[in-house]
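Worksheet: the structure to be examined is printed underneath.
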Amino acid sequence: MTNDDSDKLIHPMTAVPDAIRIVLTECARVLLQKSDFAPPVLSIDAHVDGGSLLGQVLAEPVGMSEPGYPPYRASIMDGFAIRTTDRFPSTFPNGSSPPTTKQWTHTIAGKVFAGNTSQTKDDTGTSQTVDACQLPTAYYLTTGAVVPNDFDCVVPVEKCTVNNKTNPTFVNIQAVPADIQSGKWIRDVGCDIPAGMEMLPRGHVLDAVSLGLIRQSGCERVSIRRRPVVGVLSTGNELLGDNVRGEQSRHGMIPDVNRPVLLATLKSMANCTTVDLGLARDDSVDDMASHLQSALERCDVVITTGGISMGETDIIEEVLVERLQGKVHFGRLLMKPGKPTTFATVVTAPSSGTKLIFAMPGNPPCLDLLHHGPDSTADTYGESVEEQIHRVVLNAAVHPEVQAILSQDIRLDHERPEYHRVQLREQMPGGSVFAFSTGVQQSSRLMSMLGADALLILPQGTTSKSTAKKGETYTALLLRHRSRYPQKLVTEAQHLNPISSTGNNIRIGVVFAAPSVQLLLTPTLEEITESVQAAMAGSKKSHSIEISSTQLYTGSATKIENFLNSIPLDVDILIITYSKRQFRYQLALANSLRHALIKRADWIALQARQGCAAYDPTTAASEMVVGFWERTKETSLSDAIVVCLPAEGVGGLSHVRGVLRHALRVARGAGHSDEGYPRKES
Ligand SMILES: Nc1nc2c(c(=O)[nH]1)N[C@H]1C(S)=C(S)[C@@H](COP(=O)(O)OP(=O)(O)OC[C@H]3O[C@@H](n4cnc5c(N)ncnc54)[C@H](O)[C@@H]3O)O[C@H]1N2
Ligand code: MOO
1 MTNDDSDKLI
11 HPMTAVPDAI
21 RIVLTECARV
31 LLQKSDFAPP
41 VLSIDAHVDG
51 GSLLGQVLAE
61 PVGMSEPGYP
71 PYRASIMDGF
81 AIRTTDRFPS
91 TFPNGSSPPT
101 TKQWTHTIAG
111 KVFAGNTSQT
121 KDDTGTSQTV
131 DACQLPTAYY
141 LTTGAVVPND
151 FDCVVPVEKC
161 TVNNKTNPTF
171 VNIQAVPADI
181 QSGKWIRDVG
191 CDIPAGMEML
201 PRGHVLDAVS
211 LGLIRQSGCE
221 RVSIRRRPVV
231 GVLSTGNELL
241 GDNVRGEQSR
251 HGMIPDVNRP
261 VLLATLKSMA
271 NCTTVDLGLA
281 RDDSVDDMAS
291 HLQSALERCD
301 VVITTGGISM
311 GETDIIEEVL
321 VERLQGKVHF
331 GRLLMKPGKP
341 TTFATVVTAP
351 SSGTKLIFAM
361 PGNPPCLDLL
371 HHGPDSTADT
381 YGESVEEQIH
391 RVVLNAAVHP
401 EVQAILSQDI
411 RLDHERPEYH
421 RVQLREQMPG
431 GSVFAFSTGV
441 QQSSRLMSML
451 GADALLILPQ
461 GTTSKSTAKK
471 GETYTALLLR
481 HRSRYPQKLV
491 TEAQHLNPIS
501 STGNNIRIGV
511 VFAAPSVQLL
521 LTPTLEEITE
531 SVQAAMAGSK
541 KSHSIEISST
551 QLYTGSATKI
561 ENFLNSIPLD
571 VDILIITYSK
581 RQFRYQLALA
591 NSLRHALIKR
601 ADWIALQARQ
611 GCAAYDPTTA
621 ASEMVVGFWE
631 RTKETSLSDA
641 IVVCLPAEGV
651 GGLSHVRGVL
661 RHALRVARGA
671 GHSDEGYPRK
681 ES
């Protein structure tokens, strides 16, 4: 659509989940079509100083080389190495009594210190019965020393007494039989890391511990992905350059905030090399074109700010499309703030490939957007580029999020969903999380970002719902302090909102239900996905399985129906899990659900019970409910299969083929009618 007063295109507003998928798809396309990102992989000396490996992403897994770690049998204690197979004589030298079972006397054959490699291989004598004049031998060892061949036990020095401190020749060991066992206090070759084990997978981001493991692996070179080069350009004639001081008083001029904020954000969160592209004036299309042209030659990704909405000096899109022949994938977002955000790709000279351009609005808080990013770390062997792209997009962890309870009423925006800057507070450690607005959210107010922990996604207002009410729960996208929240409260949002089912894609929604957050025992989303995948294994058609939504429910068990009606889930299978330890709660939850389903499938529930019990016997007495949930409104659950089972038994889903296969048919549009169940009167 065009605007009558100017030639500018007015793009439709793209919903954020769609925009994320578009960005992920284009990122994956560029990253996976290796010619566009040459050289995609660098080989680096594993022994270079850690600094240059830290934060890098592995392009190939790192495995343990022969013989494993430790590379030799090592003593765990400072002590004496002995052979447990040695036998003692019935008579002893100089007629003394033979040792009791608690005392063994050995001749000290030598000392082996950690790092001493010479003396250890010669004493390979086999087990011996010592005659009247011969005692078995022992070696003194320090922690980490090589245990001599055939010696199979180390006795700590605390249990040993030597005959002469300065020049010991005998050691008397006082120990209980349990101390004299083969393998005691010895780390066998490869017992920490066996040879051939994959220690760090492809896509692993190297941290300090990984650097240590690479050293232990014995690997000489590691393959890492080349970091994308990301350039940041601020545009606008009103911006003061870095070297211009004392000009702030000049009427109509402001400091450039976006560039330093973006560069710092990229440095702190992204695995990329940053380039400061400086400032560009916005009164000349020619100048802007040459600025962007040279930026694209140097960078894989260019982020511009400003000049992208409807004004006469908003020239970025014109330059991208008309001068650089770029393709705009979306030109506006259905979100507040950040509406004018534009995403484009430009094919530069064949040698340097396709470049990604994010043209962001000038208002500084719009930079929140940058926190959404792709994660293309999955295994890619044996797939076509299109398949890889599809999988990367499906698997991308877009944003860590928690469910937060609003602490005050907030008026909803009627044009766009609002990503409201909030501070988060826990009621008590591990308890419910409450969201507090950081104040006036006007797009230009950088102050509203100060101290913000998260962006609370508030829905677009309607005539029937114009206010988000205190006490309501909304999704909060964490900006920082992820580790502050208990692991189980934080979910990796695969996608921010429901996405529609395509082909053989099964969408799973998960509700974690418990009377309070402390009582939640949540299976991991991977566990759920794996169980469903296992159940589907062997089905004739291939399919992909995706957790498309997770919800936390800490309300009364009898109100679950209201809760399910209120959430905009659009899934094929809804899994509701609770802890088997919550006896009364699970009973109330199950009764309530059974009542709310349009059809119960008790025989499948029995199958589910057996499946869970096979997986975890203690779940046998738990409540299981299976049935169908009726579509109540366009955006809500669409005749989902509901499976309610204890969190401890989720692995048992892999035994419930029938229900999940049926869900698959429903997902493909067959509906439940072939099952012949009557619908409830509405
Ligand atoms: N007629 C319409 N006007 C506007 C619309 C619209 O739909 N129709 N959208 C509004 C929205 S929403 C936003 S957001 C802004 C974004 O505009 P631009 O992306 O074109 O950005 P500018 O106009 O260049 O700048 C906006 C604002 O931010 C200040 N700014 C710019 N760059 C920086 C910087 N590097 N550091 C600090 N501050 C910066 C600039 O001075 C402006 O005040 O458009 C609305 N208009
Ligand atoms: O999208 Mo703008 O950032 O609302 O003002």
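To convert, note that position 643 of the sequence shown is 643 in UniProt numbering; the numbers rise steadily by one, no gaps. We treat Cβ as the ideally placed atom computed from N, Cα and C, and that holds for glycine. In this text the structure is predicted, and so the values were computed from the model without any measurement.
Reduced DSSP secondary structure (H/G/I, E/B, other) of residue i
i	result
residue 474	strand
residue 276	strand
residue 499	Only weak support exists for where residue 499 lies, its pLDDT of 34 falling under 50; the coordinates are left without a value.
residue 465	coil
residue 630	coil
residue 269	helix
residue 29	helix
residue 19	helix
residue 637	In this predicted model, residue 637 has a pLDDT of only 47, less than 50, meaning its place in the structure is not dependable; the value taken from the coordinates is given anyway. If DSSP states are grouped into helix, strand and coil, residue 637 belongs with coil.
residue 403	strand
residue 368	For residue 368, the pLDDT reaches just 42, beneath the cut-off of 50, and the residue's location in the model is therefore unreliable, although a value from the coordinates is still provided. Here residue 368 sits in helix by DSSP.
residue 563	helix
residue 7	coil
residue 374	Only weak support is given to the placement of residue 374: the predicted model assigns it a pLDDT of 34, under 50, and the question is left unresolved by the model.
residue 130	Low confidence applies to residue 130: its pLDDT is 38, below 50, so where it sits in the model is not reliable, and the reading given next is rough at best. If DSSP states are grouped into helix, strand and coil, residue 130 belongs with coil.
residue 609	helix
residue 212	helix
residue 258	helix
residue 681	Low per-residue confidence applies at residue 681: pLDDT is 37, beneath 50, and the placement is therefore not dependable, though the value from the model is reported in the following sentence. Here residue 681 sits in coil by DSSP.
residue 485	coil
residue 217	helix
residue 623	coil
residue 13	coil
residue 120	Caution is warranted here: a pLDDT of 44 is assigned to residue 120, below 50, making its placement in the model unreliable, and no coordinate value can be reported.
residue 393	helix
Check: residue i C-beta below 7 Å from any heavy atom of ligand 1
i	result
residue 311	yes
residue 17	no
residue 238	yes
residue 363	yes
residue 305	yes
Cβ pair residue i, residue j closer than 8 Å
i	j	result
residue 450	residue 420	no
residue 155	residue 82	yes
residue 62	residue 222	yes
residue 355	residue 345	yes
residue 508	residue 548	yes
residue 200	residue 213	yes
residue 320	residue 328	yes
residue 281	residue 237	yes
residue 242	residue 263	no
residue 597	residue 627	yes
residue 600	residue 624	no
residue 724	residue 611	Given a span of 1 to 682 for the chain in the structure shown, any question on residue 724 remains unanswerable.
residue 362	residue 274	no
residue 577	residue 525	no
residue 435	residue 446	no
Below-8 Å beta-carbon distance, residue i vs any chain B residue
i	result
residue 66	The structure shown contains no chain B; it holds only a single protein chain.
Beta strand (DSSP E) segment containing residue i, residue limits
i	result
residue 548	544-553
residue 420	418-426
residue 346	342-347
residue 576	573-578
residue 79	79-82
residue 359	354-360
residue 44	41-45
residue 583	Looking at the DSSP string, residue 583 is not in any beta strand (DSSP E); the run it does join, the alpha helix (DSSP H), is 583-596.
residue 288	From DSSP, residue 288 is part of no beta strand (DSSP E) but of the alpha helix (DSSP H) over 285-298.
residue 454	454-458
residue 153	153-156
residue 174	170-174
residue 160	160-162
Residue i, enclosing alpha helix (DSSP H) - first and last residue
i	result
residue 533	525-536
residue 321	It is not in any alpha helix (DSSP H) - residue 321 carries neither H nor E in the DSSP assignment.
Proximity test, residue i beta-carbon vs ligand 2 heavy atom, cut-off 7 Å
i	result
residue 260	no
residue 617	no
residue 294	no
residue 8	no
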